[in-house]
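A.B. asks:
There are 2 protein chains.
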Amino acid sequence: MQKNPVQCQFVAALDSIVGKWKPMILYHLLQGEPLRFNELRRLLPDITQRMLTLHLRELEEEELVKRVIYPQIPPKVEYSITEYGKSLSPILESLHQWGAAHVERKRLKEAKNEQTETD
Amino acid sequence: MQKNPVQCQFVAALDSIVGKWKPMILYHLLQGEPLRFNELRRLLPDITQRMLTLHLRELEEEELVKRVIYPQIPPKVEYSITEYGKSLSPILESLHQWGAAHVERKRLKEAKNEQTETD
DNA sequence: CAGTATCCGATGGGATACTG
DNA sequence: CAGTATCCCATCGGATACTG
Numbered sequence: 001m002q003k004n005p006v007q008c009q010f011v012a013a014l015d016s017i018v019g020k021w022k023p024m025i026l027y028h029l030l031q032g033e034p035l036r037f038n039e040l041r042r043l044l045p046d047i048t049q050r051m052l053t054l055h056l057r058e059l060e061e062e063e064l065v066k067r068v069i070y071p072q073i074p075p076k077v078e079y080s081i082t083e084y085g086k087s088l089s090p091i092l093e094s095l096h097q098w099g100a101a102h103v104e105r106k107r108l109k110e111a112k113n114e115q116t117e118t119d
Numbered sequence: 001m002q003k004n005p006v007q008c009q010f011v012a013a014l015d016s017i018v019g020k021w022k023p024m025i026l027y028h029l030l031q032g033e034p035l036r037f038n039e040l041r042r043l044l045p046d047i048t049q050r051m052l053t054l055h056l057r058e059l060e061e062e063e064l065v066k067r068v069i070y071p072q073i074p075p076k077v078e079y080s081i082t083e084y085g086k087s088l089s090p091i092l093e094s095l096h097q098w099g100a101a102h103v104e105r106k107r108l109k110e111a112k113n114e115q116t117e118t119d
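Keeping their order, the protein sequence lines are chains A and B.
First residue of the first sequence: 1, per the UniProt record's numbering; consecutive thereafter.
First residue of the second sequence: 1, per the UniProt record's numbering; consecutive thereafter.
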């Protein structure tokens, strides 16, 4: 942890949501329905089993995600967003929106560049 | 860039603000005053010259930060937030607030654990 | 003052194989 | 089904030295 409290707060917040697939995992779980391990895999086609496990464990550690094991064979494990995890919703929503605008902005700029090149 | 548009948007947004010192650089520049290279260094005591340069270049590349060179000796370079960069302000503010709460939450929990240990 | 250049170690994440 | 275990590589960021 850093000494600077402000940096510390940014780091704490970003640590919770940074990770290649974390925002998407949270995004899916924020839809409300609990999801099984393989359901998440299907929703995130390119994630590896390893990374899904690691990210879920980290989110669980931060109490953003709850893991429920049904002791049966074959095993069934369900992941759901916690109440605390829901508090991240506005942030993810903002990131999502700003990201969409940022992508569009870049796209427009590239289009303009190609335009100028062919002038 | 990912195929999935939603992931893509998260990635685009996070790419802009993720980097060990980027939120703090933006935070300081969002105070309004343009800052010189070494002023930023003083505000971020632990940053290396190299990382400050790299991060500033990336922020400039995304048009979140503007770099103005005064051609004089000794050199003077001022960095300031752009109008577009200001659009990140609500996100950083949210992250900051949530991060502060998250840190406090962890602190309380650790305090409680120590309490239980000495019971 | 405001940078570059080089080197280097730590971490993040992918690929693949195996398991209760 | 829901994971572990290994191995490996790429990127990130730190340390240090040099410069117009």
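Heads up, the beta-carbon is just placed ideally off N, CA and C, and yes, glycines get one too.
Measure how close the beta-carbons of residue 84 of chain B and residue 29 of chain B come, nearest whole angstrom, since I'm counting them as under 8 Å.
C.D. replies: With 8 Å as the limit, residue 84 of chain B and residue 29 of chain B do not qualify as a contact, their Cβ atoms being about 12 Å apart.
A.B. asks: From residue 63 of chain A to residue 102 of chain B, what does the alpha carbon distance come to, in whole angstroms?
C.D. replies: Cα to Cα, the separation comes out at about 11 Å.
A.B. asks: Residues in the same chain with beta-carbon distance under 6 Å from residue 99 of chain A, minus the five sequence neighbours each way, listed in chain order, please.
C.D. replies: Hits under 6 Å: none found.
A.B. asks: Determine, using beta carbons only, whether residue 89 of chain A comes closer than 7 Å to chain B.
C.D. replies: Not closer than 7 Å to any Cβ of chain B, the Cβ of residue 89 of chain A fails to qualify, so no.
A.B. asks: Among the residues of its own chain, which have a CB less than 8 Å from the CB of residue 77 of chain B, if the five just before and after it don't count?
C.D. replies: 36, 37, 67, 68, 69 and 70.
A.B. asks: If the criterion is Cβ atoms closer than 7 Å, does the pair residue 24 of chain B and residue 52 of chain B meet it?
C.D. replies: Going by C-beta atoms, residue 24 of chain B is not nearer than 7 Å to residue 52 of chain B.
A.B. asks: Can you grab the Cα-Cα spacing for the pair residue 94 of chain B / residue 55 of chain B, in whole Å?
C.D. replies: Answer to the nearest angstrom: the Cα atoms are 22 Å apart.
A.B. asks: Name the one or two DSSP bridge partners that residue 78 of chain B has.
C.D. replies: Beta-bridge pairing links residue 78 of chain B to B:36 and B:68.
A.B. asks: Quick check on the burial criterion: 16 or more other C-beta atoms within 10 angstroms. Buried or exposed for residue 157 of chain B?
C.D. replies: Outside the displayed span of chain B (1 to 119) sits residue 157 of chain B, for which this structure offers no information.
A.B. asks: In chain order, what residues of the same chain have a beta carbon less than 7 Å from the beta carbon of residue 22 of chain B, not counting five sequence neighbours either side?
C.D. replies: Around residue 22 of chain B: 55 and 59.
A.B. asks: How about residue 111 of chain A: is its C-beta nearer than 7 Å to some C-beta of chain B?
C.D. replies: For residue 111 of chain A, the answer is no, since every Cβ of chain B falls outside 7 Å of its Cβ.
A.B. asks: Against chain B, does residue 96 of chain A count as a neighbour if the rule is that its beta carbon must be under 7 Å from one of theirs?
C.D. replies: For residue 96 of chain A, the answer is yes, since a Cβ of chain B falls inside 7 Å of its Cβ.
A.B. asks: Taking the straight line between their C-alpha atoms, what separation do you get for residue 96 of chain A and residue 73 of chain B?
C.D. replies: C-alpha separation (whole angstroms): 44 Å.
A.B. asks: Just to confirm before moving on: does the CB-CB distance between residue 18 of chain A and residue 18 of chain B stay below 7 Å?
C.D. replies: Contact: yes.
A.B. asks: Does any residue of chain B bring its CB to less than 7 Å from the CB of residue 10 of chain A?
C.D. replies: Judged by the 7 Å Cβ criterion, residue 10 of chain A is in contact with chain B.
A.B. asks: Rounded to whole angstroms, what's the CA-CA distance from residue 7 of chain B to residue 113 of chain A? Just pull it up for me.
C.D. replies: Whole-angstrom Cα-Cα distance: 26 Å.
A.B. asks: Using a Cβ cut-off of 7 Å (strictly closer), state whether residue 28 of chain B contacts chain A.
C.D. replies: With 7 Å as the cut-off, residue 28 of chain B does not count as an interface residue toward chain A.
A.B. asks: By the 9 Å beta-carbon criterion, what residues does the segment 37-68 of chain A contribute toward chain B?
C.D. replies: Residues passing the 9 Å Cβ filter: 44, 45, 46, 62 and 63.
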